[in-house]
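**Q** Please find one structure pasted underneath; my questions will follow.
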Amino acid sequence: MKTREIFSILILMLGVVAAVMPGKDGDSKELKGEEMSWETLMESKYVSVDELAHLLISGDPSIQLIDLRSIDALEKLLPGAINIPLDSIYNENFEYLFDQDNRKNIIYAKSDSISKQVWMIMAKKGYPNNYILEGGLESWNSKILDPQAPGQIASQEEIDLYNKRLAARMHFTGAKALPKIEFKVILPQGGKKKKRVAGGCS
Amino acid sequence: MSHHNYISRKTKYMNPYIAGIILGFVLLLSFYLTGRGLGASGAFKSVVVSTLDAVSHDKVEASGFYAKYIADGKNPMKSWLVFQVLGVLIGGFLSGALAGRLGWKTEHSPKITSTKRIVLAVAGGVLFGFGSQLGRGCTSGAALSGMATLSVAGFVTMIAIFGTAYLFAYFFRKTWI
Amino acid sequence: MGPIIPIYEISQELNFLIAFGIGLGFGFALEQAGFSSSRKLAGMFYGYDATVLKVFFTAAIVALLGLTFLNNFNMIDMSIVYINEFYVTSAVLGGVIMGLGFIVGGFCPGTGVCAAAIGKIDAIFYLMGSLIGIFIFGETYPFWKDIYLNNYLGGLKISNAFDITDGLMVLLIIAAAVMMFWVGEWAEKKFARPDITKEI
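Residue numbers (our numbering), protein chains in the order written: chain U, 1 to 202; chain H, 1 to 177; chain B, 1 to 200.
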């Protein structure tokens, strides 16, 4: 018999054995309906600009802001934010920041489209603790730094929100000098995580 | 059989299925020992990064693409793939020496000149080098190793590489046949 | 239990020595198969020599079967084995550019190294070309960044995409390969070019 025929029969038999073997639980875990729910999961990870303003004013130490804009586009970071430009998110110096369970990362950029992409990448790598600033800096600038007064027929809620935003504006633009909030980066602690090998040609 | 050389038995190649089985076991051993498959283009990237690093360190550090290879004072040449490709070089040489295939030679169809072949080789290299970076690996790292782990990326890259080569084969036939 | 090096944290020197040893086997097998000859490689695309198809799929299937059995016998922890990450746009586009490079240049990087090792001058120039190609990508990276990061699907496995078990997927791939081997050998007869195969 030719080599091809012998070899074909051999691998087909081994293939049949492989097909009837039970396999393991982890084999097919990447997808299985989970894929569909990424979008839903992402929606639960939005942080609104008002929530962020509240967190910053109260000096909540459990959050870490991450600014994804590239360096030349940087005007000013939000208080306590660190800058990881989009093209450096795979840099090993920074990647651990996305992969930690001590703090909530709130990622933001000009709008929220880039943040959503980065969130998805990190979520699929299994990094759970990332949040997206809804609307990005554009929303921050228009709602917090330049809030529009509600109209004549505004409800009490709208007026409360406006007042809160005014207070936040004073806080962030320094109209009233409040003590600056300093954040320190807490390094991830705990044992070594079981990590996939970094492979491929890259 | 097509892999015979009828003039001198010197350059006879191994039966492709046997060679494939050996290659498969090498690949499997690589997965078993290191958790990753084989690669090639990554080593060339290390060469590029370390050359650029020697020329202008600051520029490499500021680049989103190169920076991670020199982070924390790492030497890009001290990487797994660089040593593996050195092994490929020596392994290929040993095999060629054993089979009596060593010698300076430019291979091409008699329809084109050696100079044209060299120009096309450089052009093809540029394309492949570029594509391997965009596609995150070459035939070894992305297609072969990817297929062995059932990764969709591996199959897609493999189909894209061979499919495109088939599509364009007609236009470059004079180079080869 | 494998993979040995990431689990048992072996020293860097030994790790590189293993890398070198695996490379030796890789290079030896490629050269023995005839991957050091560009006209033999190109034969795949004109039908007169299907070595590439045979070696490539044989190797992939041996490793695939090996990993499947090791996994079933609890001898390898597949959760830490690297699975290529699937970025749809860049995988397709990169593959297309590589395919063009393959038919123009006659090698891929791994086979190019093998061919250069036995003195093929075209391969040496091919390798210099690929360094230039990588350099060009690195320098123009900001321009490609969006394409590079677009449509990320993670370490997606083909068995998941079709929603079948890994073992069944392996069997299907083997069946496809067996058919391709048959077609390959048929093509070698149909498009035989003894003038070329004698030379290479």
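Glycine residues also receive a C-beta, built at the ideal position from the N, C-alpha and C atoms.
What residue range does the beta strand (DSSP E) around Lys143/U cover?
**A** It is not in any beta strand (DSSP E) - Lys143/U carries neither H nor E in the DSSP assignment.
**Q** Any beta carbon from chain B within less than 9 Å of Ala198/U's own beta carbon?
**A** Closer than 9 Å: yes.
**Q** Which residues in the same chain have their Cβ closer than 6 Å to the Cβ of Asp53/H, if we skip the five residues on either side of it in sequence?
**A** Contacts found: Val60 and Ile70.
**Q** Which residues in the same chain have their Cβ closer than 6 Å to the Cβ of Val55/B, if we skip the five residues on either side of it in sequence?
**A** For Val55/B, where only same-chain residues beyond five positions count, the Cβ hits under 6 Å are Ala33.
**Q** Pull up the distance between the alpha-carbon of Gly216/H and that of Tyr162/U, whole angstroms please.
**A** Lying outside 1 to 177, the shown extent of chain H, residue 216/H is not represented and no answer is given.
**Q** Rounded to whole angstroms, what's the CA-CA distance from Tyr141/B to Lys198/B? Just pull it up for me.
**A** If you take the alpha carbons of Tyr141/B and Lys198/B, they lie about 44 Å apart.
**Q** Since I believe Leu38/H is in contact with Ser30/H (beta carbons under 8 Å), could you give me their beta-carbon distance rounded to a whole number of angstroms?
**A** Between Leu38/H and Ser30/H the Cβ distance is about 6 Å, and since that is below 8 Å, they are a contact.
**Q** Taking Cβ to Cβ, would you say Asn102/U is nearer than 9 Å to Lys45/U?
**A** In this structure, Lys45/U does not lie closer than 9 Å to Asn102/U by Cβ.
**Q** Ignore the nearest five residues each way along the sequence and tell me which others in Lys184/U's own chain have a CB closer than 7 Å to its CB.
**A** With a pLDDT of 48 at Lys184/U, under the threshold of 50, the predicted position of this residue should be treated as unreliable, though the coordinate-derived value follows. None.
**Q** Consult DSSP for Leu150/H and reduce its assignment to one of helix, strand or coil.
**A** Leu150/H: coil per DSSP, three-state reduction.
**Q** Residues of chain H with CB closer than 9 Å to the CB of Ile80/B, please, in chain order.
**A** Going along chain H in sequence order, the residues near Ile80/B (Cβ under 9 Å) are Gly35.
**Q** Does any residue of chain B bring its CB to less than 9 Å from the CB of Lys105/H?
**A** For Lys105/H, the answer is yes, since a Cβ of chain B falls inside 9 Å of its Cβ.
**Q** Out of Ala18/U, Lys110/U and Leu77/U, which has the shortest C-alpha to C-alpha gap to Leu70/B?
**A** Here the closest residue by C-alpha is Ala18/U.
**Q** Rounded to whole angstroms, what is the Cα-Cα separation between Gly112/B and Arg193/B?
**A** Between Gly112/B and Arg193/B, the C-alpha separation is close to 23 Å.
**Q** Going along the chain, which residues of the region 90 to 119 of chain U sit with their C-beta nearer than 8 Å to a C-beta in chain H?
**A** From the region 90 to 119 of chain U, only Tyr90, Asn91, Glu92 and Asn93 have a Cβ closer than 8 Å to chain H.
**Q** Just verifying my parser: in three-state terms, what is the DSSP assignment at Asn105/U?
**A** In the structure shown, Asn105/U sits in a strand (DSSP, three-state: E or B).
**Q** Which of helix, strand or coil does DSSP assign to Leu185/H?
**A** Residue 185/H falls outside the range modelled here, since chain H spans only 1 to 177, and no answer is possible.
**Q** Below 8 Å on the Cβ atoms is my contact criterion, and I expect Tyr152/B with Ile121/U to pass it. Report the Cβ-Cβ distance as a whole number of Å.
**A** At roughly 5 Å, the Cβ-Cβ gap stays under 8 Å, so Tyr152/B and Ile121/U are in contact.
**Q** Where do the N-terminal and C-terminal ends of the beta strand (DSSP E) with Leu133/U fall, by residue?
**A** Asn130 to Leu133 is the span of the beta strand (DSSP E), which, as asked, contains Leu133/U.
**Q** Using a Cβ cut-off of 8 Å, which residues of the region 66 to 79 of chain H contact any Cβ in chain U, in chain order?
**A** Residues Ala67, Lys68, Ala71 and Asp72.
**Q** Thinking just about the alpha-carbon of each residue, which of Tyr96/U, Ile89/U, Ile107/U and Asn91/U is nearest to the one in Ala81/U?
**A** Out of Tyr96/U, Ile89/U, Ile107/U and Asn91/U, Ile107/U has the C-alpha closest to the C-alpha of Ala81/U.
**Q** Would you say the region 132 to 141 of chain H touches the region 89 to 109 of chain B, given that touching needs at least three Cβ pairs under 8 Å?
**A** Touching, per the Cβ criterion.
**Q** Quick one: is Phe45/B buried, meaning 16 or more other Cβ sit within 10 Å of its Cβ, or exposed?
**A** Counting Cβ neighbours within 10 Å, Phe45/B comes out buried, since at least 16 surround it.
**Q** Might you give, ordered along the chain, the residues of its own chain that have their beta carbon closer than 6 Å to the beta carbon of Ser114/H, omitting 5 neighbours on each side?
**A** Excluding positions up to five away in sequence, the list reads Thr106.
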